[in-house]
Amino acid sequence: MRVRDFLNLTGSSLIAHRMRSFLTALGIAVGIAAVVLLTSIGEGVHQFVLSEFTQFGTTLVGINPGKATTAGTSMGMFGTERPLTIEDAQALKRLPFARAVVPFVQGNAEVEAGNRRRRTTVYGAGPDMPDAFSMKVKSGRFLPEDDPTAPRAFAVLGSKLRQELFAGSSPLGQRITISGNRYRVIGVMESKGTLLGFDLDDTVYIPAARALNLFNNDTLFEIDVMYDEDTPVEKVVKGIKDTLKARHGRDDVTITTQQQMLDVLGSVLDILTFAVAAIGGISLLVGAIGIVTIMTIAINERTNEIGLLRALGAREGQVLRLFLGEAIVLAAVGGLSGLALGVGMATLLHAALPALPVQVPVTYVVLAEAVAVAIGLVSGVFPAYRAAKMDPVEALRAE
Amino acid sequence: MALHNIDVLRFSWRALRGFPSRTLLMLIAMAIGVSAVVLLTSLGEGARRYVTGEFASLGTNLVIVFPGRSETAGINPSTMMGETPRDLTLEDAQALLRDRSIRRIAPINVGSAVVSRQNRSREVVILGSNHDLLTIRHWQVGQGRFLPQADLDRASPVAVIGSKIRDELFAAKRALGEWIRIGDRRFRVIGVMGSEGRSIGVDVQESIIIPVASAQQLFNTASLFRILVEAKNRDAIETAKQFVIALLQERHQGERDVTVITQDAVLQTFDRILGALTYAVGGIAAISLAVAGILIMNVMLVAVSQRTAEIGLLKALGAAPQQILLLILTEAVMLSAIGATAGLLLGQVGSYFIRVSFPLLPAYAPAWASTAALTVALITGLVFSLLPARRAARLDPVLALSRR
Amino acid sequence: MIELAGIHRDFQVGDQTVHALDDVSLIIGDGEYLSIMGPSGSGKSTLLNLIGLLDRPSSGRYHLNGQDVTSLSDIAQAEVRNREIGFVFQMFHLIPRLTAAENVELPLIILGLSPEQRQPKVAAALEELHMTDRSHHKPEQLSGGQRQRVAIARAIVTEPKVLLADEPTGNLDHNSGKAVIAILETLNQRGITLIMVTHDTEMGQRARRRLRMVDGRISNEQNGAA
Ligand SMILES: Nc1ncnc2c1ncn2[C@@H]1O[C@H](COP(=O)(O)OP(=O)(O)OP(=O)(O)O)[C@@H](O)[C@H]1O
Ligand SMILES: [Mg+2]
């Protein structure tokens, strides 16, 4: 039998029972639409989170004091015995692959300008910071290349803090007080928005050495190293490890590469997306049962037709393929309309809620259609096999 | 003229029995939908109960004080682990006990240090705290006793160790009364934590608890990581919180530089998030109920057209359109009711097996989910069969009988 | 040439065995016109189905054109049915959603011919049955006699050597029935072997060779004009 004839025969029987075919395909369509919509949301969240993280660049390595515990968190932040110092940061800067090295201290203090005051996050950082985290200075400049151990009392404001303290007037050159110490504002950063709910603009940047003093601390929170893209990450990690081991006498830091973090994050989000898709897939299962049911009914109704086809010389295989074809077409059409439905709803959702990231993943789209066809195949096999195995004499005698 | 209900039921039942395979398939479809809703919501509910249980195990009527505060959001990384110019001190902690709304407090200091005994050593999380920590956190001591009742600022070289630490440092030997070295100081083991000491964040079994003043000496700091405050009772929680804020502001020269959260607030947040998640998951699963509804509608339409002659005959015998409608609707509702009940049972059995396989997860399907799944199943069955039933009711008896 | 020797066909119904055909031996030459009559349940249809390779005998041998067809595979049998045998049924068995022409086209589609190859054959078959002007009608738009003519067109479109008709007039009024028989006889005169089961004595008597079946056996055979 020719392919076109095959399709014609299949199509004619589906069209003959329009309502029935429509409802059967609708079942699959709803299932596919659910899966497509849910994975779109999942993928959107995935992309959103990744882009939030990669905005800082992917060639970053973070070094924290203390060895990681089994729980996975570094205990260094609880005040370790072996501090990570500004001198350590300087030593790392001498590594050939280190493009930027940022010593980091983080804390919380009250900032005063004139009669305005605000409690905010204080970052002790180094001059390489805008480079390493691809941050942009909006006006003025970032912290200069002073002697890292005795830097001048300069401060750079985040955009939100600038609004809060200097609404309307220019902050450049103004004096602010951070916990009683006076600083001069030399720059304002461009807005970075929020990262996972944390406002990155409600901050002030001061030299790391001064922050250590301010918080009366002897260890940095973290040193961030941005390395040359061409250097393999293993080499970077080893270089850092060796340098610090030489300085500390033992291996007492935790090194986290951005790539590692992204990988872990990515796989967690993938699992989530998959889980959500699987729950949506239950509807697909029910839709598949719908195909089985309708095909079973169709074969009962068309027993005579099956007998006739056999009498006219059709082989079992041909009968099987005919009915299988019907099931597959039903599922494929349902799948396609489900795709359109899902993508349409995802687009609408995106239009209605721009905050909710929605991204229709092409692989999932292709996969969804393949799944639909596979569903047609699987759910059609049983009824079609029954049709093919019918005794032609019996089939012709049936009422 | 009215049909007896029992006759309607019997008629519908016979009609369903007449096509066993399609009836079975529709039942399966409905059952899958309902059991998916029941099973998934029971998972969600299990997770919710597990997490709230974990939080409850942190202690009761708990208020937690962190150093540092940001005006942007209640809690952010800088308040959780950042530094502040002015520390929380032991005196701050001691002062908190002045209010009647506060029953007990536990100052906490955390650090890590290398702990050694003879030739064994490893890095361990050290918790500095006081006697009341045990009661506040509902922990149990396995052997020996907990930190003694003493002034907060008195350092003493005693340590309570987690059971894993005991196993690693002492293996099978007796630990009580033995000396261990933490950093460059010597401590005597006075107790071993019971195995149920489990909490979010720090694994008690892998840590060592020493008096807070000793911890401050060990880590050479005067500051505290946080202070746990237990209010007298549930109603006193808010009073206690306000008192803590006011007192510390007064002690810190009028500056409000601490973050105070209540356990209730955290608990409610988690409760809300996981509750919403359960609803969402249940809702997604319920889409399959709609698909099952479509299937029932489809099959009932087919049944009506297949039974055209039969319906024509019924009309010829004097059945009113409403009676035909009733017959078809009863058939559909019977289908979805049986399917839904089967699904409910399946879901309950499934969540039972989840509970057996993962005893930590109290996976009980919430009553609303079971009820909603059943109701939705019945309503979809009813609504989706309206069209076929009306088509049947409106059949022209002459045409219906003459066809074929 | 159809050669049946010692054919048995048993059906198992519960613990009871029905001997639908009980030792039937029969030789039918090419171009013969054979009618089979007999009471209901005597095995007429069973015999016809066996000849048409829709069914296999429980025992006995069947040679079609010298070839032993009982041992053929299902697929090979299907091909023989498609090429060598045409069926005409009492119930017509037209597919309701297809037009007359499409119904006639079906065996050629199964055979795998291209549309260009099929078109003239379909047209010729319909022409032969005087149904050309109805070729785009659906079965429900045709009368019983017309439906049977379409079914006959379908049976002969592959130019088979054997035409099997099981009560072809059973669902038709007397006049339409006679017209259908006339068509079948015309086909027979052009060389096709015609084997027809009928309950209608008048029609049955028209065949040159007449079999009578009782209880699964050939009870009597008549030859020549009645
Ligand atoms: N599939 C079957 N299973 C059991 N018994 C069968 C089957 N097919 C035919 N029979 C039996 O075989 C016998 C012959 O049946 P057949 O259909 O050949 O009769 P017939 O001569 O064609 O009758 P009619 O004139 O009524 O069509 C009958 O007794 C019938 O009951
Ligand atoms: Mg018969």
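Those protein sequence lines, which keep their order, are chains A, B and C.
Mind the numbering: the first sequence is residues 1 to 399 in the working numbering, read in order.
Mind the numbering: the second sequence is residues 1 to 404 in the working numbering, read in order.
Mind the numbering: the third sequence is residues 1 to 226 in the working numbering, read in order.
For every residue, glycine included, the Cβ atom is placed at its ideal position computed from N, Cα and C.
Ranked by Cα distance from alanine 151 of chain C, the first of C/Asp166, C/Ala124, C/Asn103 and C/His130 is C/Asn103.
Annotated as proximal: histidine 138 of chain B and serine 57 of chain B, with beta-carbon spacing under 9 angstroms.
Chain A places a beta carbon closer than 9 angstroms to that of alanine 36 of chain B, counting this residue as a contact. Spanning the alpha carbons of leucine 9 of chain B and valine 333 of chain B requires a straight line of approximately 10 angstroms.
Judged by DSSP in its simplified three-state form, lysine 138 of chain A adopts strand.
In terms of beta-carbon proximity, methionine 345 of chain A stays away from the interface with chain B, with every pair separated by 9 angstroms or more. DSSP, read as helix, strand or coil, puts serine 71 of chain C in coil. The CB of methionine 1 of chain A comes closer than 7 angstroms to the CB of Ile109, Ile110 and Gly112 in chain C, given here in chain order.
Relative to ligand 2, the beta carbon of aspartate 396 of chain B is positioned no closer than 8 angstroms to any heavy atom. In the DSSP annotation of this structure, phenylalanine 384 of chain B is not part of any beta strand (DSSP E); the continuous alpha helix (DSSP H) holding it starts and ends at 367-393. In this structure, ligand 1 has a non-hydrogen atom nearer than 8 angstroms to the beta-carbon of glutamate 167 of chain C. Cβ-Cβ separation between leucine 320 of chain A and alanine 387 of chain A: approximately 7 angstroms, consistent with a contact (criterion under 8 angstroms). Taken in chain order, the unbroken stretches of beta strand (DSSP E) that lie wholly in the stretch 123-148 of chain B and span 3 residues or more are 141-144. Taking 9 angstroms as the cut-off, the Cβ atoms of glutamine 258 of chain A and methionine 1 of chain A do not count as close. Counting along the chain, histidine 63 of chain C sits inside the beta strand (DSSP E) bounded by residues 59-64. At least 9 angstroms separates the beta-carbon of glycine 280 of chain A from that of isoleucine 375 of chain A. Around serine 13 of chain A, the beta-carbon contacts reaching into chain C at under 7 angstroms are Arg97. Taking every protein chain shown into account, the CB of glycine 66 of chain C has fewer than 16 other CB atoms within 10 angstroms, so this residue is exposed. DSSP, read as helix, strand or coil, puts methionine 30 of chain B in helix. Taking C-beta atoms as the reference points, leucine 90 of chain B and aspartate 153 of chain B count as a pair closer than 9 angstroms.
Under the three-pair Cβ rule at 8 angstroms, the stretch 30-47 of chain A counts as touching the stretch 258-273 of chain A. For histidine 19 of chain C, DSSP records a beta bridge to C/Asp10.
Inter-segment contact for the stretch 50-58 of chain C and the stretch 1-9 of chain C is present: three or more beta-carbon pairs are separated by less than 8 angstroms. Look at phenylalanine 87 of chain C here: in three-state DSSP terms it is strand.
According to DSSP, threonine 120 of chain A shares a beta bridge with A/Ala109.
Each residue's CA atom was taken as its position, placing arginine 174 of chain B and leucine 127 of chain B some 22 angstroms apart. Across the structure, glycine 282 of chain B and glycine 293 of chain B are spaced so that their CA atoms are roughly 17 angstroms apart. Among the CB atoms of chain B, one or more fall inside 9 angstroms of the CB of serine 283 of chain A.
Scanning its chain for C-beta atoms nearer than 6 angstroms, with the 5 sequence neighbours on each side dropped, one finds around glutamate 369 of chain A the residues Gly335, in chain order. Leucine 247 of chain B and alanine 47 of chain B do not touch by the CB rule: their CB atoms are close to 38 angstroms apart, not below 8 angstroms. Interface annotation, isoleucine 190 of chain B: not in contact with chain A, CB-CB separation never under 9 angstroms. For isoleucine 255 of chain A, no chain B residue has a C-beta closer than 8 angstroms to its own C-beta; the minimum C-beta separation is roughly 16 angstroms. Valine 260 of chain B and phenylalanine 243 of chain B have their alpha carbons spaced roughly 10 angstroms apart.
Looking at the DSSP output, tyrosine 205 of chain A bridges to A/Tyr123 and A/Val156. Residue-level contact by beta carbon fails for threonine 273 of chain A and chain B, as no gap is shorter than 9 angstroms. Per DSSP, reduced to three states, the secondary structure at glycine 62 of chain A is strand.
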